[in-house]
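Q:
Right under this line is the structure:
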């Protein structure tokens, strides 16, 4: 990588605290010595869990959550996902989000990879896991502003529709891409 | 989709204007009638262009831009990408970003799909295109805060590494997933 592309930090100022991220204005010095200001979201890491199970016909399915999303003002179909709490490992966050949103406990959790959801203005990572040996052990345990329906949907359908219709969350495309590469390797 | 999951808009207040997005606080009424506040980024749409060409060995390559990213404070390897200007079509934005960042003009542009980069708190879409019949017609034409190196990298290498090392931008995983589905269909 070329060091000629690197900007130098000058200072940063917090503009807002917004529960799921803090907004900062940062000043940086360009590779040719010009000062510029940028806006950055400082956010905790995220996790996405792909829960893999078999339906009553023997078809391989993913567990999918249906929920209202406040950015797009629309209902989406997604893998269970959430925020890694402070001091929590991504693995524990994945297991916790899975059981809270679906009631399922995973006997086997595979780490598929981590990536920046958007390095242009975010400083966090999103971690993707696959969950196997699923057992329904609890009821959903949702925050009082969470309303989620659960569906068991054939993998084939999700592979075909991801990125279209209600499968409209790009972070789920990242997760499925990690899963597909891992599956090819096993 | 279940209408029981839908929240109702009450009001919204702009907190900050941040050049590449505006930060809003919105109030909404939950499906069971509780009022909650959420933070949302109102952003223009984005485009990503996958430029496909052949190198001097006859291997299929993508054009890749190497640049410093201010969110992650790191250098990344990505497809050319940018913001759709007001009144501009995503197609024109894709052609414009391609020529500005790389100097290449595309003879053939394929629309691969659009998805929300993050419906949890963003209201925009990111559009992905593949560009073929590329011809080097100009020098890079960068903003004075853009510093970009260009590379021709074999598709096989990018397929293997996307989401790892310097291929650390999740939006590029979305783009490559659209491209791979389209390639399977041709």
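Chains as they are written, first to last, in our numbering: chain A, 1195 to 1380; chain B, 1195 to 1380.
Glycine residues also receive a C-beta, built at the ideal position from the N, C-alpha and C atoms.
None of the values given here were measured: they were computed from a predicted structure.
#1: In chain B, what lies closer than 8 angstroms to residue 1213 of chain A by C-beta?
#2: Determine, using beta carbons only, whether residue 1227 of chain A comes closer than 8 angstroms to chain B.
#3: What in chain C is Cβ-close to residue 1334 of chain B, meaning under 7 angstroms?
#4: Beta-carbon of residue 1377 of chain B versus every beta-carbon of chain A: anything under 8 angstroms?
#5: Give the DSSP bridge partners of residue 1271 of chain B, in chain order.
#6: Which of the residues in the region 1298 to 1318 of chain A, read from start to end, lie with their CB under 7 angstroms from any CB of chain B?
#7: If you scan the region 1323 to 1380 of chain A from start to end, which runs of the alpha helix (DSSP H) of 4 or more residues do you find wholly inside it?
#8: Could you tell me which of A:1365, A:1226, A:1367, A:1354 sits nearest to residue 1378 of chain B, measuring between CA atoms?
#9: Shortest alpha-carbon distance to residue 1302 of chain A belongs to which of A:1312, A:1246, A:1332?
#10: Nearest to residue 1224 of chain A by alpha carbon, out of B:1334, B:1261, B:1339, B:1222?
#11: Note down, one range per segment and in chain order, each beta strand (DSSP E) of at least 3 residues found wholly within the region 1201 to 1234 of chain A.
#12: Among the residues of its own chain, which have a CB less than 7 angstroms from the CB of residue 1319 of chain A, if the five just before and after it don't count?
#13: Alpha carbons only, please: which of B:1349, B:1342, B:1244, B:1312 is nearest the one belonging to residue 1273 of chain B?
#14: The beta strand (DSSP E) spanning residue 1305 of chain B covers which residue range?
#15: Can the beta-carbon of residue 1330 of chain A be found closer than 8 angstroms to that of residue 1373 of chain A?
#16: Less than 8 angstroms between the C-beta atoms of residue 1371 of chain A and residue 1275 of chain B, yes or no?
#17: Taking the alpha-carbon of residue 1284 of chain B as reference, which of B:1260, B:1324, B:1296, B:1343 has the nearest alpha-carbon?
#18: Report back the beta-carbon spacing between residue 1316 of chain B and residue 1237 of chain B to the nearest angstrom; my notes put them in contact at under 8 angstroms.
#19: Residue 1336 of chain B: buried (16+ other C-beta within 10 angstroms of its C-beta) or exposed?
#20: Give me the subset of the region 1258 to 1281 of chain A whose CB atoms are less than 9 angstroms from a CB atom of chain B, sorted by chain position.
#21: Which word fits residue 1321 of chain A, buried or exposed, when buried means at least 16 other C-beta atoms lie within 10 angstroms of its C-beta?
#22: So which of A:1328, A:1234, A:1201 has the shortest CA-CA distance to residue 1216 of chain B?
#23: Run down chain A in chain order and give the residues with a C-beta less than 8 angstroms from the C-beta of residue 1222 of chain B.
#24: On the premise that residue 1196 of chain A lies in contact with residue 1282 of chain B, defined as a C-beta separation below 8 angstroms, what is that separation, rounded to the nearest angstrom?
#25: Sorted by chain position, which residues of the same chain lie with C-beta nearer than 7 angstroms to residue 1204 of chain B's C-beta, five sequence neighbours on each side aside?
#26: Report the residues of the region 1195 to 1207 of chain B with a CB closer than 7 angstroms to any CB of chain A, ordered along the chain.
#27: If we count the other Cβ atoms within 10 Å of its Cβ and call it buried at 16 or more, is residue 1213 of chain A buried or exposed?
A: The answer reads as follows:
#1: Here residue 1213 of chain A corresponds to residue number 19 of the first chain, with the count starting at 1. Simply 1233.
#2: Residue 1227 of chain A sits at position 33 when you count from the first residue of the first chain. Output row for residue 1227 of chain A: interface = no.
#3: No chain C is present in this structure, whose protein chains are A and B.
#4: Here residue 1377 of chain B corresponds to residue number 183 of the second chain, with the count starting at 1. It does not: the Cβ of residue 1377 of chain B has no partner Cβ on chain A nearer than 8 angstroms.
#5: Your numbering for residue 1271 of chain B matches position 77 in the second chain. Answer by DSSP bridge pairing, in chain order: B:1260.
#6: 1307, 1309, 1310, 1311, 1312, 1313, 1314, 1315, 1316, 1317
#7: 1349 to 1355, 1364 to 1379
#8: In the second chain, counting from the first residue as 1, residue 1378 of chain B sits at position 184. The option with the nearest alpha carbon to residue 1378 of chain B is A:1354.
#9: Sequence index remark: in the first chain, residue 1302 of chain A carries index 108 (1-based). Comparing Cα-Cα distances from residue 1302 of chain A to each of A:1312, A:1246, A:1332, the minimum goes to A:1246.
#10: Residue 1224 of chain A sits at position 30 when you count from the first residue of the first chain. Closest by alpha carbon: B:1339.
#11: 1202 to 1211, 1216 to 1223
#12: Here residue 1319 of chain A refers to the residue found at position 125 when the first chain is read from its first residue. Excluding residues within five positions, the ones whose Cβ falls inside 7 angstroms are 1239, 1308, 1309, 1310.
#13: On the second chain, position 79 is the one that residue 1273 of chain B refers to. The shortest Cα separation from residue 1273 of chain B among B:1349, B:1342, B:1244, B:1312 belongs to B:1244.
#14: Sequence index remark: in the second chain, residue 1305 of chain B carries index 111 (1-based). First-last of the beta strand (DSSP E) with residue 1305 of chain B: 1298 to 1309.
#15: Counted from its first residue, the first chain places residue 1330 of chain A at position 136. Counted from its first residue, the first chain places residue 1373 of chain A at position 179. Result no, Cβ atoms of residue 1330 of chain A and residue 1373 of chain A do not sit closer than 8 angstroms.
#16: Locating residue 1371 of chain A in the first chain gives position 177, counting from the first residue. Locating residue 1275 of chain B in the second chain gives position 81, counting from the first residue. It is not a contact, given that the beta carbons lie outside the stated cut-off.
#17: Residue 1284 of chain B sits at position 90 when you count from the first residue of the second chain. Cα-wise, what sits closest to residue 1284 of chain B is B:1324.
#18: Looking up residue 1316 of chain B in the second chain gives position 122. Looking up residue 1237 of chain B in the second chain gives position 43. Contact holds; Cβ gap of about 6 angstroms.
#19: If you number the second chain from 1, residue 1336 of chain B lands on position 142. Exposed, because fewer than 16 other Cβ atoms sit within 10 Å of the Cβ of residue 1336 of chain B.
#20: 1260, 1261, 1262, 1263, 1264, 1265, 1266, 1267, 1268, 1269, 1270, 1271, 1272, 1275
#21: What you label residue 1321 of chain A is simply residue 127 of the first chain in a count that begins at 1. Buried, by the Cβ-count rule.
#22: Counting from one through the second chain, the residue named residue 1216 of chain B turns up at place 22. Measuring from the Cα of residue 1216 of chain B, the nearest candidate turns out to be A:1234.
#23: Your numbering for residue 1222 of chain B matches position 28 in the second chain. Simply 1264.
#24: On the second chain, position 88 is the one that residue 1282 of chain B refers to. On the first chain, position 2 is the one that residue 1196 of chain A refers to. So it is not a contact: roughly 30 angstroms between Cβ atoms.
#25: Taking the first residue of the second chain as 1, we reach residue 1204 of chain B at position 10. Same-chain partners within the cutoff: 1221, 1222, 1223, 1229.
#26: 1195, 1196, 1199, 1200, 1201
#27: Here residue 1213 of chain A refers to the residue found at position 19 of the first chain. Classification of residue 1213 of chain A: exposed, given that the 10 Å Cβ count is below 16.
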